[in-house]
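Participant: Below are the structure tokens for one structure; questions will follow.
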Amino acid sequence: MTHLEEEILKTKTETLKMFQIVIEQVENAYKALFTKDVALAMNVKDKEEQVHRMELEIEKQIENVFALFNPVAIDLRFLLAVLRVIYNLERIGDSTKSIAKIIINKKYILDEDIFNNINLNEIYESAFKSVLLAKQSFESEDVKVAYRLIEKNIDLEELCDEAQIKIASYIRNNPDKTDYGLSLLSMLRKIQRMHDQSKNIAREIVFYLEAKILKHQGKI
Amino acid sequence: MTHLEEEILKTKTETLKMFQIVIEQVENAYKALFTKDVALAMNVKDKEEQVHRMELEIEKQIENVFALFNPVAIDLRFLLAVLRVIYNLERIGDSTKSIAKIIINKKYILDEDIFNNINLNEIYESAFKSVLLAKQSFESEDVKVAYRLIEKNIDLEELCDEAQIKIASYIRNNPDKTDYGLSLLSMLRKIQRMHDQSKNIAREIVFYLEAKILKHQGKI
Amino acid sequence: MQSKISAKEVNVYYGSNHVIKHVSLDIFSNEVVAFIGPSGCGKSTFLRLLNRMNDFIESFRMEGQIFIDNEDIYDKKINVEELRKKVGMVFQKPNPFPKSIYENVVYGLRIQGIKNKKQLDEVVERTLKQVGIWEEVKDKLNQSALALSGGQQQRVCIARTLAVEPSVVLMDEPTSALDPISTATIEELIYHLKKDYTIVIVTHNMQQAGRVSDRTAFFYMGELVEFSDTKELFTNPKVDLTQKYITGRFG
Amino acid sequence: MQSKISAKEVNVYYGSNHVIKHVSLDIFSNEVVAFIGPSGCGKSTFLRLLNRMNDFIESFRMEGQIFIDNEDIYDKKINVEELRKKVGMVFQKPNPFPKSIYENVVYGLRIQGIKNKKQLDEVVERTLKQVGIWEEVKDKLNQSALALSGGQQQRVCIARTLAVEPSVVLMDEPTSALDPISTATIEELIYHLKKDYTIVIVTHNMQQAGRVSDRTAFFYMGELVEFSDTKELFTNPKVDLTQKYITGRFG
Amino acid sequence: MISNSVKINRFKDRIFKWYGLLSTTIGVVILFVFLYTIIKEGWDRLNWQFFTSLPSRRPSSAGILVPLLGTFWIMILTTIIAVPIGVAAAIYLEEYGKKDKFASFIEVNIANLAGVPSIIYGLLALEIFVRIMGLGRSLLSGAFTLSLLILPIVIVSTREALKSVPKTIREASYALGATKWKTIWNAVLPSAAGGILTGVILAISRAIGETAPLVVIGAMLYITTIPTHPLDDFSVLPIQIYNWLSRPQKGFIENATAAIIVLLAITFILNGIAIYLRNKWQNKVKW
Amino acid sequence: KKENNNNQLKGSVNIDGSSTVYPITEAVAEEFKKIYPDVKVAVALSGTGGGFKKFVRGETDINDASRPITKFEDSIAKTNNIQYIDLEVAYDGLAIVVNPQNDWCKDITVEELKKIWEPAAQGKITHWNQIRPEWPKEPIHLYGAGVESGTYDYFTEVIVGKSHSSRGDYTSSEDDNVLVQGVSSDKFALGFFGFAYCEENKDKIKLVAVNNGNGPVFPSVETVKNKTYVPLSRPLFIYINNKAAERKEVQEFVNFYLEKMNSLVAEIGYIPLNEEETKKVKEKWQNFLQENKSK
Amino acid sequence: MPRTELKEKFIEFLLKASAFISIFTTIGILYVLLSESTDFFKEVSIVEFLTDKQWTPLFTEKHYGILPLLSGTLLTSFIAVLIAVPIGLSIAVYLNEYSPKKIRKILKPTLEVLAAIPTVVYGYFALMVVTPFLQLFIPSLSGFNALSPGIVMGIMIIPLVASLSEDALYAIPYSLREASYGMGATKLQTVFRVLIPSASSGIIVSIILAISRAFGETMIVAIAAGQQPNFTFNPLVPIETITTYIVQVSLGDVVQGSIEYKTIYAAGIALFVLTFILNNISYYIRKKYQKYQL
Ligand SMILES: Nc1ncnc2c1ncn2[C@@H]1O[C@H](COP(=O)(O)OP(=O)(O)OP(=O)(O)O)[C@@H](O)[C@H]1O
Ligand SMILES: Nc1ncnc2c1ncn2[C@@H]1O[C@H](COP(=O)(O)OP(=O)(O)OP(=O)(O)O)[C@@H](O)[C@H]1O
Ligand SMILES: [Mg+2]
Ligand SMILES: [Mg+2]
Ligand SMILES: O=P([O-])([O-])[O-]
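Protein chains in written order, with the working numbering: chain A, 6 to 225; chain B, 6 to 225; chain C, 161 to 411; chain D, 161 to 411; chain E, 11 to 297; chain F, 25 to 319; chain G, 171 to 464.
This is the structure in structure tokens:
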């Protein structure tokens, strides 16, 4: 194995580690949300720092590889892809932090009705699955997995649109719970973003593996 | 001038062009918003495509420079910075599109009261100024301008927080205008995002010029 | 677009050694084409086919056809000297004649029997300007070209080649004997020459191929493995072998 | 950390030509340090100071001190031959002796008078394994080393250097005469050798400096302009001159 | 399309090619005429008796034993004398000598000696070896004479051989901790051995064909006993040839040509070895 | 048993001198070698004078001579305290030769020869018709033995009248064969050299009869032997150093020489002594040995 | 380790001593030539030596003019060079540029064989073969003459010229040829415009060495040129060269110490001076050329 290959491998390992942390964040935020575990949410919020650090580290690492190894072709695409993958991962991490913040700040009892009504858990699970798929396709360098992720969006979008409308009418009907509604809405949007960002990651993987640029094709 | 310098210059020119387009978008969205010019909003929405195309072009261009010229040091940093600058520009563009969409979809008469009350135009102008500052610092490679942008956030944030609270209470008070309130909120967030992204750009410029990484230092 | 150079099913043998295998390619006017590939893959051999410099090698044998401006250059009726005037060549090591700078540049004209001093002067000025050392050497045109630095020598050699007004310029690793700074200047020169000439360059340095050429041909064991847009080849090669080669995962 | 090599205010003159100017630097054990800089800036000269190979040049004169393992190597009491055993050197062009592979590797031992066949055999096997060509050459140890390819020759030369168990290995552009693939293999080798040796390498190829070295020293007109972590130097050089040089905005 | 000047140039080119071929052919033809005449004349005389017989007044019973052995003696003695001195001098000049005025003086001096006509060496030897040192016209005198004669050749060719050893070979050796002499002995000389050997053989082959200086020291004589001691009188093939050719009897001319064949055979063999070595070395050692 | 004796005889005999006498001595040495293989015999040919030069210094044992020793040489021998004996061993004729294509010069008088060869002729006598008007007006090319040879000494002495005195503008060579070649390839040549060489090259050159006032006489074994070919016939000698003569191998060699010379001389082409002369020479030698011993 | 150092110093001393032998040789030559000829010049004025047109030291009427010997030397050498240089150069060019490699590989050593033939042999070749052959065309040619040995000497030095010039041509980097061909030059143009000018110093050196060699050549002229000192430049008549004279005297019995004997040293010094000048010229050309090596 050449020195460059070693570096590339290292980058990949680091990125996978970052994936892992982000996934934990997503999972923990989910748990905190549905078990109302504020402590866990705090944990999520604090851990965001680590995600940032990882992003910076990997970026630096890639910068060094660019400076020292002059990567081309698949190596170059890999590194460029990773640059954007970590950017998206970081944003997913950001989203979990936002969710965690909402959980922490709004220390009220959930309105189970609307909560269940909008199928938030289903939406979250779906988004979570997207993140997992993104990691899987990155790890196994499997373009098919990436494509599966990119094409799977109809369900979630419908669910989200529905939920949004429901929340709007919920607010309309419960003006006193406007804040709560708004938080819910914000949360929904974050979750949806996580899914979108996973798809972005999938697109980068396709770019890396097949040199095809899928970005901005049906992107939100 | 060396071939590499030419390529770098070209990249810069292209990026400035993208800046220009995005700024136009921001400006047009502003005009459309405050003059209720739906046609202009349509225009903004349609033009988003162009921003995407530019992003892809510049990305490809940078990829080629990486593959062919093995840039190091300041050149390398410049290109990496540009990669992230255009990413942020694209997101600013996205925001203008979102604003345009809101303008287009919600064909109701503005509630001038709340609209004026939340100082949206001031916020927007401030964000716009941020974008302009970002461009200026990129164009003139002036790290001072970038720093000015990075440090100028207290005002806008306060204004936004205030506006958010006002909109929430507005919704609470006018449940029938929930949709309108939500749109306003969404718009507010987009505008705020534009400012954040301009700051991201400013940070990249600092990275490029001074090799200092400011990212994640007070980032939102 | 009409091909400037067109090779059809070319095979080359040195004795029983089959060194170019079924190569067909087309090169268009005013483009820079780079040949890359591992040592011994036949880059130089193929390049030298184009101005018949291989004719001097006794064991050389070739099959197939090569057209330049639609003329089969391996036709018996072809005048090789004329061909070589049209298809100039620059070599690996700067190889100025041990003559003055001036005489180096006008060499090709002198052997054509041109004696008109004014005409020669003009050519010297024009070509030395073209290669960008007119200012440096205009006051010492009568000094030996050997007294110049490597990079300057190589420029004089290029000027010498341009003086006979070729339409194609072949370059076989023109910078491999030069230091990085001279290399960079020569690369810039190549980059600017292409508006007037069709340039084919062999290089060991992949970045160089990347920097100077429009299209790149990757040779391997005498075969043309891939020939495509340089950016494409370096960012997204079509053939796995090319990718292996350019990313250094090889042998 | 204790310096392995420490230069203090070194000046070198060739006749009246001041080619190394006030250079002080420290190199630590088991690191790879690269010297870069434009042609003629004094890289080779400085490198060759470290095993006193400049002593052969008549006009050579030096001021200042160089310590290796805390010993002033320009002290009169120093035994130069012993020093050179400790500070091995690998040259630009592979320069095997026109002897068998085996004899090349054991050369340094033979001149020390070591005749024990078993010991020599062991050294040959060990060093050739170290440089990674044992498998390729073990059946032809008695063939001439000149029959090997350039890359293999250079490896044999490195093995030869390692055979006398140096603790420092100096390399003056060790791959500049090699093709890219051989170059890559030698670079890998250097990268792996550093766990056992302190390596100082001169290179014209900036990427190479980037790839193989931990720290890089940039020389310019005999001065040490910048000496820092390689990654740092290539992503964010402290001195403008360095930046100009590595980004090719120079001359 | 083809310009006139190009046509003319090509024509000239062709003419010159034939002219060159002609010149070369002339050279070769002369050589073969030469060899043919000699071989035709002398071939039949080459039998065992010819090689083993002492000189005789009768052509048919005369042989070349004495001059042949004399030639071998001279070859060996000259080698023993000239090679160590020549190689040593070359090593000194190439490896030790500083590049100062004195060195260049020696260099000019050697270049000059290489061009001094052989007969002048004869004059020198006559005075120094034959008279002053009192060696007479012995093998040793002859060998000394010829040694001096070929010394510059040996030095020059050895220096060339040493020069062709790249500096990097020396540096490689020094860098491994070798002293100067160890470097010369273990690295430089083995690397230059082919070139040195070639030069030495060519010099020796020149020496055994020399007549004039030996004539000057008085080696033209009839001896009946084979030389067994360096101080013995001697004869060598060229002298024998000269002697026989000056005899009136036909048979001696035949003898002379036969002896010429032998002498040529020896020189050819030596040259052949030298050429073989040179080619082998050139092919093998490409620095 | 005798062979054993012979075999035991060792030592060396060192001979130098005349190139004219050389073939005889060489032949003797060759035969001698067959019987006494361990005796080293070296025969050099520095010419009579050159040989004497060494002989009178005692450097050689025997000197071949195509003329008697000169007073000057003898005086040096005396100062070096060297005594010697001279032995006549054969006769030689000097032949005057021309190119076979030369159809005018059949005979020549001694006066004419003097006119041609005397120093005063240099640059003046250049054409055949200057010698005899009826001869063609063609250049005359002269060939002759080397200036350092006894042959030359003898020729000048008897023709010009003074030893070592002749014109200088002629082609000279130590190598008689070269002279034969010269004359044979030059229509206008006139040369002189040893008769023996003429015998070997009858087809290449033509002999000229010499008229000493008694009519033209061609050189031949007969005319030399019966002394009618005058003045160009002469005796050949060997000189033996008395100290060397004390050595067994030298004695044996000279004995052998005297024993075998007549047959060998004839074989080589010189003219042998008659029986009487031979006997005298042998006696002279024996006497010398006796005297030498008694001293 | 002073022992090693001592050993090194000792070896260096031995080597240096060897190098000095060449100087002793020169001193020896100069000593022998000068000491013998000083006596000669005591008796014969240098003016006479240099201006007298006759050389008859061995005859009764003695003249000591070196001119006839010199003219003989120059004449034979001139003829030799006239033969050797054009043919030698053509061969060099042909072998280097035109002949197929295989042929070159065979021809070059074959021609070098010509140089290896002992000169005695050449001498007889000139006398027995060339002179009679020439007489077929030039009836007035003497049996001994300057022409025939001149020609044969020329043949003998053809390999010298060819080989050295070929080396000089060969040493020109192949890239220069390629450069010239690459511009559409024919071989002939390449030869005359690039190769010969580039190799000029090497070629000049080869010619000078050839002349020097011809000056010093002995046996050929001794055998075939006659031994008749003639102040003439007519190649058809016998002449004598300096070398021949020395051989002639060496073979004869001139009394050592006599003025006649010393003439050979005077002649020798003339020869030495001649070749010395030529050798120096060639040496300095070579030196200059080395500096300018490509
Ligand atoms: N003159 C020749 N005679 C015989 N074989 C040759 C000759 N020149 C080249 N070859 C062989 O032809 C093959 C191609 O050689 P060529 O010089 O074209 O390779 P290349 O790609 O230019 O290599 P490099 O990068 O080392 O210059 C090699 O295997 C080489 O050994
Ligand atoms: N033997 C020498 N004698 C005199 N000057 C020398 C000698 N060697 C080198 N120099 C000079 O010393 C300076 C430094 O040379 P050095 O070889 O160290 O440079 P370098 O950095 O290794 O260059 P390069 O990259 O060309 O090898 C140059 O100006 C050079 O001309
Ligand atoms: Mg090549
Ligand atoms: Mg260097
Ligand atoms: O050799 P000569 O007999 O003539 O003295």
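Don't be surprised by glycine CBs; every beta carbon is placed ideally from N, CA and C. Note that this is a predicted model, so its numbers are computed, not measured.
Hey, would you say the C-beta of C201/C is under 6 Å away from at least one heavy atom of ligand 1?
Facilitator: Along the third sequence, one-based indexing puts residue 201/C at 41. C201/C: yes, Cβ under 6 Å from ligand 1.
Participant: Can we say the stretch 234–247 of chain E touches the stretch 61–80 of chain E, given the rule of at least three CB pairs closer than 8 Å?
Facilitator: Yes, the stretch 234–247 of chain E touches the stretch 61–80 of chain E.
Participant: Just to check my reading of the structure: P223/E and G132/E have Cβ atoms closer than 8 Å, yes? What is that Cβ distance to the nearest angstrom?
Facilitator: The count along the fifth sequence starts at 1 and reaches residue 223/E at position 213. The count along the fifth sequence starts at 1 and reaches residue 132/E at position 122. With 8 Å as the limit, P223/E and G132/E qualify as a contact, their Cβ atoms being about 3 Å apart.
Participant: List the endpoints of the continuous alpha helix (DSSP H) containing N93/A.
Facilitator: Within the first sequence, residue 93/A is the residue found at index 88, counting from 1. Per DSSP, N93/A belongs to the alpha helix (DSSP H) from 78–110.
Participant: According to DSSP, is D400/C helix, strand or coil?
Facilitator: Residue 400/C sits at position 240 when you count from the first residue of the third sequence. Three-state result, D400/C: helix.
Participant: Do the stretch 242–257 of chain G and the stretch 407–419 of chain G meet, that is, are 3 or more Cβ pairs less than 8 Å apart?
Facilitator: A contact exists between the stretch 242–257 of chain G and the stretch 407–419 of chain G.
Participant: CB T395/D to CB E12/A, shorter than 7 Å?
Facilitator: Within the fourth sequence, residue 395/D is the residue found at index 235, counting from 1. Within the first sequence, residue 12/A is the residue found at index 7, counting from 1. Contact flag unset, no.
Participant: Between L228/G and chain F, is any beta-carbon pair separated by less than 7 Å?
Facilitator: Numbered from its first residue, the seventh sequence carries residue 228/G at position 58. Answer yes: the Cβ-Cβ gap between L228/G and chain F drops below 7 Å somewhere.
Participant: Is G197/C close to chain A? Criterion is C-beta to C-beta, closer than 7 Å.
Facilitator: Residue mapping note: residue 197/C aligns to position 37 of the third sequence, counting from 1. Cβ-Cβ to chain A under 7 Å: no for G197/C.
Participant: Can you check DSSP and say which residues form a bridge with N365/C?
Facilitator: Locating residue 365/C in the third sequence gives position 205, counting from the first residue. In DSSP, N365/C forms no bridge with anything.
Participant: How far does the beta strand (DSSP E) with E383/C in it extend, from its first residue to its last?
Facilitator: If you number the third sequence from 1, residue 383/C lands on position 223. That run of the beta strand (DSSP E) goes 383–389.
Participant: Measuring straight from C-alpha to C-alpha, what distance separates I273/G and G310/C?
Facilitator: Stepping through the seventh sequence from its first residue, residue 273/G is reached at position 103. Stepping through the third sequence from its first residue, residue 310/C is reached at position 150. Going from the Cα of I273/G to the Cα of G310/C covers about 36 Å.
Participant: List, from N- to C-terminal side, the alpha helix (DSSP H) runs of 4 residues or more that fit wholly inside the stretch 256–291 of chain D.
Facilitator: You should have 261–271, 277–290.
Participant: According to DSSP, is N124/A helix, strand or coil?
Facilitator: Within the first sequence, the letter at position 119 stands for residue 124/A. In the structure shown, N124/A sits in coil (DSSP, three-state: anything other than H, G, I, E or B).
Participant: Heavy atom of ligand 1 less than 6 Å from the Cβ of I217/C, yes or no?
Facilitator: Residue 217/C sits at position 57 when you count from the first residue of the third sequence. Yes; taking the cut-off as 6 Å, the Cβ of I217/C has a heavy atom of ligand 1 nearer than that.
Participant: To test your reading of the DSSP string, which unbroken alpha helix (DSSP H) runs of 4 or more residues are found completely within the stretch 70–143 of chain F?
Facilitator: Listed in chain order, they are 71–79, 95–103, 134–141.
Participant: Strictly by DSSP, which residues pair up with H178/C?
Facilitator: The residue labelled residue 178/C in the question sits at position 18 within the third sequence. DSSP lists Y173/C as partners of H178/C.
Participant: Looking at the C-beta of Y380/C, does it have a partner C-beta in chain D at a distance below 7 Å?
Facilitator: Along the third sequence, read from residue 1 onward, the residue named residue 380/C stands at position 220. It does not; no Cβ of chain D falls within 7 Å.
Participant: Pull up the CB-CB distance for V247/D and L330/D, whole angstroms please, since I reckon it's below 8 Å.
Facilitator: In the fourth sequence, residue 247/D corresponds to position 87, counting from 1. In the fourth sequence, residue 330/D corresponds to position 170, counting from 1. Right, the Cβ-Cβ distance comes to about 6 Å (below 8 Å), so this counts as a contact.
Participant: Can you say whether I225/A is buried or exposed, counting buried as having 16 or more other CB atoms within 10 angstroms of its CB?
Facilitator: The sequence position of residue 225/A within the first sequence is 220, counting from 1. In this prediction, I225/A has a pLDDT of 38, which is less than 50 and means its spatial position is unreliable; what the coordinates show is noted afterwards. The residue in question, I225/A, is exposed, as its Cβ has fewer than 16 Cβ neighbours within 10 Å.
Participant: So within the stretch 152–235 of chain E, which uninterrupted beta strand (DSSP E) runs reach at least 3 residues, ignoring any that extend past its ends?
Facilitator: The qualifying runs are 231–233.
Participant: Given E54/F, which residues of its chain have a CB within under 8 Å of its CB, disregarding the five upstream and five downstream residues?
Facilitator: For the purposes of this step, residue 54/F is identified with residue 30 of the sixth sequence, where counting begins at 1. Within the same chain, E54/F has no close Cβ partners at all.
Participant: Under 7 Å between the Cβ atoms of G206/F and F314/G?
Facilitator: Sequence index remark: in the sixth sequence, residue 206/F carries index 182 (1-based). Sequence index remark: in the seventh sequence, residue 314/G carries index 144 (1-based). Yes. Within cutoff.
Participant: Using 7 Å as the limit for Cβ to Cβ distance, is Y232/E near chain F?
Facilitator: Reading the fifth sequence from its first residue, position 222 is the one you call residue 232/E. Yes, contact with chain F.
Participant: Are there three or more Cβ pairs, one per stretch, closer than 8 Å when the stretch 59–66 of chain A is compared with the stretch 116–125 of chain A?
Facilitator: Verdict: no, contact absent.
Participant: Chain F partners of L237/G, CB-CB under 8 Å?
Facilitator: As a position in the seventh sequence, residue 237/G is number 67, starting the count at 1. Here the premise fails: no neighbours, minimum Cβ distance about 14 Å.
Participant: Do we get a CB-CB distance below 7 Å when we pair G311/D with the residues of chain C?
Facilitator: Within the fourth sequence, residue 311/D is the residue found at index 151, counting from 1. Closer than 7 Å: no.
Participant: Please return the same chain residues whose Cβ sits closer than 6 Å to the Cβ of R221/C, not counting the five positions on each side in sequence.
Facilitator: In the third sequence, the residue the question calls residue 221/C occupies position 61. Closer than 6 Å at the Cβ level, and outside the excluded window around R221/C, lie Y173.
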